[in-house]
Amino acid sequence: MSHRHSRKQRNKSSRGSASFAFGLGRAGAAQPRLVTATDVCLWSTIVMVAVCFGGRAAAGQLILVVGAALTAGCWLLHQLSARESKYTWTGGEWLWLAGIAIGVSQIVPLPRDWMLAISPQIGRILLPSTGSHSAAIGADVWSQLSLAPWETASGLATFVSYAMLFLVLVQRVKTTADVERMMFGVGLVTIAMSAFALVQYYTSNGKFFWFYAHPYMTTDIRPTGCFTNRNHLAQFLALGIGPLIWCVLRRLDPTEAERADSASLPDNRRLWGTIAVSLGLGCTVLTALSTLSRGGLMAIAVTIVVSVGVLWRLGRVSIMVCLGLVVAAAGIGAIFNLTGSESSLTARIGGDSGREHVWRANIAVAQDFPVLGTGVGTHADAHQLHLEKPLDGGEFTHAESGYLQIMSETGFAGLGLAALFIVVSLWWCCGALRNADTRVSSIAAVVLASLLANVSHAACDFFWYTPSCILLLAIQLACVCRLYLSTREEAGRVVRTWRFPALLAWPAAGGVLVAAAWMISLKLPAALAEPDQMRYITLNLATPEFYADDDDRRVAQHEKRLAILRAVRLDPHDSRVQEKAAVAYMEWFDDRQEQSKNPLPLGQLRDAINASQFESPAAMHEWLDRSVGKNMKLLKIAVKHLRRALRESPLRARSHVHLAELSFLEAAGAENESAYLKQALALRPRDPDILFAVGRQTMLAGDLDEAMECWRVAFENSQRLKRAIADLLAGQVTPEFFLEKLKPDWDSVGLLAQAFARVGREEEAREMWSRYVRDGRERLKATLPEAEYLPVVIGLRTAHQSLQQPDEAIRVMSFGLKRFPYSFPLRLALGLDLVAEYRFAEAAEHLQWCAARQPEDKVLQQAAAHAVKERLRSSATSIGTSVDSDSRAEVTR
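Counting from 1 along the sequence shown, just add 495 to a position and that's the residue number in the numbering used here.
(1) Using CA atoms only, rank isn't needed, just tell me which of MET712, ILE970, PHE691 and LEU693 is closest to GLY701.
(2) Do GLY682 and PRO489 count as a contact pair if the criterion is CB distance below 8 Å?
(3) Quick check on the DSSP output: the beta strand (DSSP E) that includes TYR582 runs from which residue to which?
(4) Under three-state DSSP, which class holds PHE1232?
(5) Identify the residues that DSSP records as bridge partners of PHE703: which are they?
(6) Note the first and the last residue of the continuous beta strand (DSSP E) segment covering ARG994.
(7) Of the residues LEU1186, ASN1212 and SER1213, which one's Cα is nearest the Cα of GLU1201?
(8) Taking GLN1214 as part of the alpha helix (DSSP H), name the residues at either end of that continuous run.
(9) Following the continuous alpha helix (DSSP H) through LYS1135, name the residue where it begins and the one where it ends.
(10) Take THR685 as the anchor and find which of VAL772, THR670 and THR723 has the nearest alpha-carbon.
(11) Which residues in the same chain have their Cβ closer than 7 Å to the Cβ of SER1122, if we skip the five residues on either side of it in sequence?
(12) Under 8 Å, do VAL1152 and VAL1189 count as touching if we go by C-beta distance?
(13) Quick check on the DSSP output: what are the complete alpha helix (DSSP H) runs of length 4 or more inside the stretch 565 to 631, in order along the chain?
(14) Quick one: give me the first and last residue of the alpha helix (DSSP H) that TRP807 is part of.
(15) Quick check on DSSP: helix, strand or coil for GLN1099?
(16) Using the beta-carbon count (16 or more within 10 Å), is ASP534 buried or exposed?
(17) May I ask which residues mark the beginning and end of the alpha helix (DSSP H) holding TYR1267?
(18) Tell whether a beta-carbon distance below 8 Å holds between GLY791 and ASN724.
(19) Note down, in chain order, each residue of its chain lying with its Cβ closer than 8 Å to the Cβ of TRP1083, except the 5 sequence neighbours on either side.
(20) Over what stretch of residues does the alpha helix (DSSP H) that includes CYS964 continue unbroken?
(21) Please report the straight-line C-alpha distance between ALA553 and GLU1054, rounded to a whole angstrom.
(22) Using the C-alpha atoms, what's the distance from ILE799 back to ARG983?
(23) How should THR1075 be labelled, buried or exposed, when 16 other C-beta atoms within 10 angstroms of its C-beta is the threshold for buried?
(24) Within 10 angstroms of its Cβ, does GLY555 collect 16 or more other Cβ (buried), or is it exposed?
(25) If CYS721 and PHE548 are in contact, beta carbons under 8 Å, what's the gap, nearest whole angstrom?
(26) If you drop the 5 nearest sequence neighbours on each side, which residues of the same chain put their C-beta closer than 7 Å to that of THR905?
(27) Using only CA atoms, which one of TYR960, ASP1198 and ALA1103 lies nearest to LEU559?
(28) Which full runs of the alpha helix (DSSP H) of 4+ residues lie inside the stretch 1009 to 1076, going along the chain?
(29) Which residues mark the beginning and the end of the alpha helix (DSSP H) in which TRP1389 is found?
(30) Taking only runs of the alpha helix (DSSP H) that begin and end inside the stretch 1305 to 1364, which ones reach a length of at least 4 residues, in chain order?
(31) Buried or exposed for ALA1347, going by 16 or more other Cβ atoms inside 10 Å?
(32) Hey, would you say MET610 sits closer than 8 Å to ILE617, going by beta carbons?
(33) Since GLY476 is in the alpha helix (DSSP H), which residue starts that stretch and which ends it?
(34) When you compare only the Cα positions, how much space is there between CYS536 and LEU1008?
(35) At a cut of 8 Å, does the stretch 876 to 883 reach the stretch 859 to 866 through at least three beta carbon pairs?
(36) Given this structure, state the Cα-to-Cα distance separating VAL801 from GLY735, to the nearest angstrom.
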């Protein structure tokens, strides 16, 4: 009987060690069910948030707050049911409370004088407190420091979720063995993400998870995993590389081998486990490199260098291990080079991302709002106040720097708090590094590496709003915090621990329940509306070629309209959705008007009202009821949505522009229109789209000089809008007017020439083309690099072709080819031009050269074959003609 009992104990010990070696389960006695439920909720939250695009999607945000509440709830129930419940004070609680206080101070209503004393610039952001336009959008009663209160409240809910999970984790991991299991878990999650990213990339059909088509991102360009931004995948993997290095070294530790031997763990099982973890580490590094993320590359380098360096300093890494890592790095680098990714990464490192413009804008915003910023979640609109060079057709949704975005959104109070978080985390790591137990100090080393990777990458990217990355770091910081507290206890220093009485646990559980209800109420509307928003964006991005015919296009437009109207009903707090819904109603009005007896679109209706000069608003509305009828209801609904958008966020400049378009419906129409347009320009003084829209409205109002000033800046900053402005004016003004008012650069002169040609003004087009050619030839005399030289040559070719001078076009291309004889674009264009002039002998040489370099291009292969065939036919004809001439001469003699 005693023999069987001893054998049972050995088997149990063996299973426990094997389980521990892989970081699964807990050796020894079974843990309470509520603790197991806490672990399940925690890891389920981490996995599900990652699946929902790293928490960027609204569904991922909802899962985050629900998971945090469930995790905290399970732990509190465990505290209630445990015989002895204790809470260990970490010192970081004050930081979490300070962060919550900053968020609350931004959304709580304040007396207007207090608000303007803290943030005087809000008085400039809001419309003047007098006037019907100000009262209509609620600017006269605005009382919050945040300029997007609902977004700020949502961000605060995310922060509270982080706080819940971190504090529960610190209390959950009580021993070094608990910490090691958490680190193993982080390593496994990292390996799973890297493996999924590679499999999805190499078997990609362009869709996430092979079935979801994201409107902005595909999976066949670079590995993305579950993230819509490859920088975030790179950061996620960089945060897991340190724990994976620790896992490999843990399994190579002689003491671990002795423990496995004593537990009768088979050698081959231990060996294959070590190989699996090592391959997972290599796969993770290779995947992170393949993202071609510059910040991610820096984070990986920091993680590896700090991890290996500190572990070597602690004596945990031998020379042989360092050599092994060097060999592994060389192998990964060779694979990276063979896949052609190295040259692409070199190009990305040398490229211009435009980050310096948004950085300067955020610094300027922080100077305007130094105390508490513009509010969490306001960056997409707030930075436009000072952005000197906006993106053409896009926007910087984030600051591309965690520190600058925190500084602009939460002021120097928030930036100081972020610095304190970093300092305290470094203090925990350094304190745990001094522990004499190498198990503790080695974990602290890799957590320090992860923290430094996060801190360094945050300087040039803002992934702190991506919950998956934050959760992975939060787990490691919670672990190192617990190790730091253990180190203090071992050194005989006081660690404050309080008994957790039931009387306190019940109110805490109630507080978690209330917080959960509040957080879900903030996140649920966006999650419900997200499918319709994504559908709207997808249809909005579809090009005209996507539709089979006009009927198909009309059906898609109707579906797009219904999608955004469903979204605004489900999520009425999103100012952007409100604005899009208003635009949908305005487009719906125009569609209805096309089918009415009096087909007046919105623009013509506005002009008719301005020209009529009605005696009173009542007379105007009476005329509108007769002319437009029930369709007027659509415009009134659009106005309501625009006003709601500005009540949610007064930074929405486009809403001001649209209200200016509809201001004729108001009693003080002309006055309100001017106020709305001025406000739009104040909010986005350099935005090309706003400038174009304001210019169009001011031109319709009869102020051509003001319109041209707006269009000049838009023309200068937007290649996309240049054609729209040129087409709008080409039929009405002279080339001299263009040159004087818009001051076009050389490229734009060619665009203006094309605009004149499209409206049939051939003489003006030839005049602009001649100027374009003259200035272009001067540019060719300068010593330009190939990247700047080729567009000039191609542009001159287009000009000569437009002037019906094909020989000059060929001469220019030949001149350019002499300078850059290995230029593929020049050879291809010259070959095609020679074919068009039936000069097949010359064309064949260039097209064959191009075809040899792109054998997969079937069209190019056919063009080259055709040129060669025609060259042979011409040669045969010439030879035949020569033979016939010689024969006739012989007969004559």
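Beta carbons are placed, not taken as given, at the ideal position from N, Cα and C, and that holds for glycine.
The structure says:
(1) Working through the sequence shown from its first residue, we reach residue 701 at position 206. Considering only alpha carbons, the answer is MET712.
(2) One cannot answer for residue 489 here, as it falls past the ends of the chain, which runs 496 to 1388.
(3) In the sequence shown, residue 582 corresponds to position 87, counting from 1. Unbroken beta strand (DSSP E) run through TYR582: 581 to 583.
(4) As a working mapping, residue 1232 is identified with position 737 in the sequence shown. Here DSSP, grouped into helix, strand and coil, assigns PHE1232 to helix.
(5) Residue 703 sits at position 208 when you count from the first residue of the sequence shown. DSSP lists TYR707 as partners of PHE703.
(6) As a first step, residue 994 is located in the sequence shown; it is residue number 499 there, counting from the start. For ARG994, the uninterrupted beta strand (DSSP E) segment begins and ends at 992 to 994.
(7) Within the sequence shown, numbered from 1, the residue matching residue 1201 stands at position 706. Nearest option by C-alpha distance: LEU1186.
(8) As a first step, residue 1214 must be located in the sequence shown, where it is residue number 719. The continuous alpha helix (DSSP H) containing GLN1214 extends over residues 1214 to 1225.
(9) To locate residue 1135, count along the sequence shown from 1; it is residue 640. Looking at the DSSP string, the run of the alpha helix (DSSP H) that includes LYS1135 is 1127 to 1143.
(10) Stepping through the sequence shown from its first residue, residue 685 is reached at position 190. It is VAL772 whose Cα lies nearest to the Cα of THR685.
(11) As a first step, residue 1122 is located in the sequence shown; it is residue number 627 there, counting from the start. Taken in chain order, the residues that qualify are ASN1093 and LEU1095.
(12) By 1-based counting over the sequence shown, the position of residue 1152 is 657. By 1-based counting over the sequence shown, the position of residue 1189 is 694. Between VAL1152 and VAL1189, the C-beta spacing is below 8 Å.
(13) For the alpha helix (DSSP H) assignment, the uninterrupted runs of no fewer than 4 residues enclosed by the stretch 565 to 631 are, from N- to C-terminal side, 588 to 602, 607 to 613, 617 to 620 and 627 to 631.
(14) Here residue 807 corresponds to residue number 312 of the sequence shown, with the count starting at 1. For TRP807, the enclosing alpha helix (DSSP H) begins and ends at 789 to 808.
(15) Locating residue 1099 in the sequence shown gives position 604, counting from the first residue. GLN1099: helix per DSSP, three-state reduction.
(16) As a first step, residue 534 must be located in the sequence shown, where it is residue number 39. Burial of ASP534 is indicated by the presence of at least 16 other C-beta atoms within 10 angstroms of its C-beta.
(17) Working through the sequence shown from its first residue, we reach residue 1267 at position 772. Here the alpha helix (DSSP H) through TYR1267 covers 1257 to 1276.
(18) As a first step, residue 791 is located in the sequence shown; it is residue number 296 there, counting from the start. As a first step, residue 724 is located in the sequence shown; it is residue number 229 there, counting from the start. Contact: no.
(19) On the sequence shown, residue 1083 is found 588 positions in, with the first residue counted as 1. Taken in chain order, the residues that qualify are ARG1056 and LEU1129.
(20) Your numbering for residue 964 matches position 469 in the sequence shown. Where CYS964 is concerned, the enclosing alpha helix (DSSP H) stretches over 962 to 985.
(21) Here residue 553 is taken as the residue at index 58 of the sequence shown, counted from 1. Here residue 1054 is taken as the residue at index 559 of the sequence shown, counted from 1. So the alpha carbons of these two residues sit roughly 22 Å apart.
(22) Within the sequence shown, residue 983 is the residue found at index 488, counting from 1. Within the sequence shown, residue 799 is the residue found at index 304, counting from 1. So the alpha carbons of these two residues sit roughly 28 Å apart.
(23) Your numbering for residue 1075 matches position 580 in the sequence shown. The sequence shown places Lys at residue 1075, rather than the Thr named in the question. A buried status is given to LYS1075, since no fewer than 16 other beta-carbon atoms sit within 10 Å of its beta-carbon.
(24) Residue numbering aside, residue 555 sits at position 60 when the sequence shown is read from its first letter. Burial is judged here by how many other beta carbons sit within 10 angstroms of a residue's own beta carbon; GLY555 has at least 16 and is buried.
(25) Here residue 721 is taken as the residue at index 226 of the sequence shown, counted from 1. Here residue 548 is taken as the residue at index 53 of the sequence shown, counted from 1. Going by Cβ atoms, the distance from CYS721 to PHE548 rounds to 6 Å, so yes, they are a contact pair.
(26) Position 410 of the sequence shown, counted from the start, is the residue given in the question as residue 905. Non-local C-beta neighbours of THR905 in its own chain, meaning closer than 7 Å and more than five positions away in sequence, comprise ILE597, LEU867, GLY868 and VAL871, ordered along the chain.
(27) Here residue 559 refers to the residue found at position 64 when the sequence shown is read from its first residue. If we check each option's Cα against that of LEU559, TYR960 comes out closest.
(28) Counting whole runs of 4 or more residues, the stretch 1009 to 1076 contains the alpha helix (DSSP H) stretches 1045 to 1065.
(29) This structure leaves residue 1389 out entirely; the chain is present only between 496 and 1388.
(30) Here the runs fully enclosed are 1319 to 1331 and 1335 to 1348.
(31) As a first step, residue 1347 is located in the sequence shown; it is residue number 852 there, counting from the start. It is exposed - the Cβ of ALA1347 has fewer than 16 other Cβ atoms within 10 Å.
(32) Position 115 of the sequence shown, counted from the start, is the residue given in the question as residue 610. Position 122 of the sequence shown, counted from the start, is the residue given in the question as residue 617. Going by C-beta atoms, MET610 is nearer than 8 Å to ILE617.
(33) What the structure shows of the chain is the stretch from 496 to 1388, and residue 476 is not part of that stretch, so it cannot be assessed.
(34) Against the sequence shown, residue 536 aligns to sequence position 41. Against the sequence shown, residue 1008 aligns to sequence position 513. The C-alpha of CYS536 lies about 16 Å from the C-alpha of LEU1008.
(35) Yes, the stretch 876 to 883 touches the stretch 859 to 866.
(36) For this step, residue 801 is matched to residue 306 along the sequence shown. For this step, residue 735 is matched to residue 240 along the sequence shown. When only Cα atoms are considered, VAL801 and GLY735 end up about 14 Å apart.
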